[in-house]
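Numbering (our numbering), first residue to last: 6 to 138. For glycine and all other residues, C-beta sits at the position ideal for the given N, C-alpha and C.
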């Protein structure tokens with residue numbers, strides 16, 4: 006049986022930590038590795054929403070949705086859209102501080118992707134395997 010939870014956050018940098026706490030609380034009782042991966046995923050996606058989309062503008066917002074399925078946890082962050090499509094970037098130097106977030110998500114997620122909405126909003130999602138599946 007599938008179950009979903011969602012919460013809207015103001016598009017402010019300090020709200021990224023609140024999104025991480027929201028997901029961690031929802032996953033209480035899950036395997037610690039899954040919780041760590043989910044917190045990393047939502048933190049990176051929320052930070053990208055605030056930093057790189059209109060969600061970080063005045064009165065902006067982002068939405069975190071967590072879907073529980075038998076074998077998967079799906080995390081979605083819906084932002085208000087931006088000029089560039091999210092993509093894994095090549096990090097050529099060790100001193101670069103940005104550009105690793107989606108690379109880390111791709112490494113720990115079973116799958117991830119981007120869905121554009123007709124309203125101009127964008128949903129970036131990641132699926133994490135439960136119970137080692």
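Exercise. If you scan the region 27 to 80 from start to end, which runs of the beta strand (DSSP E) of 3 or more residues do you find wholly inside it?
Worked result: 66 to 73
Exercise. Per DSSP, which one or two residues make a beta bridge with residue 10?
Worked result: 71
For this session: Compute the distance between the beta-carbons of residue 42 and residue 133, then report whether it is under 8 Å.
Result: yes
For this session: Compare the beta carbon distance of residue 80 and residue 46 with 8 Å and say whether it is the shorter of the two.
Result: yes
Problem set entry | Integer-rounded CB distance, given that residue 52 should sit under 8 Å from residue 85 | So it is not a contact: roughly 15 Å between Cβ atoms.
Exercise. Helix or strand or just coil, what does DSSP make of residue 125?
Worked result: coil
Exercise. Roughly how many angstroms lie between the CA atoms of residue 49 and residue 124, to the nearest whole one?
Worked result: 23 Å
Exercise. Whose C-alpha, out of 44, 64, 26 and 58, is nearest the C-alpha of residue 128?
Worked result: 58
Exercise. Could you give the distance in angstroms between the alpha-carbon of residue 34 and the alpha-carbon of residue 20?
Worked result: 24 Å
For this session: With DSSP as the reference, label residue 107 as helix, strand or coil.
Result: helix
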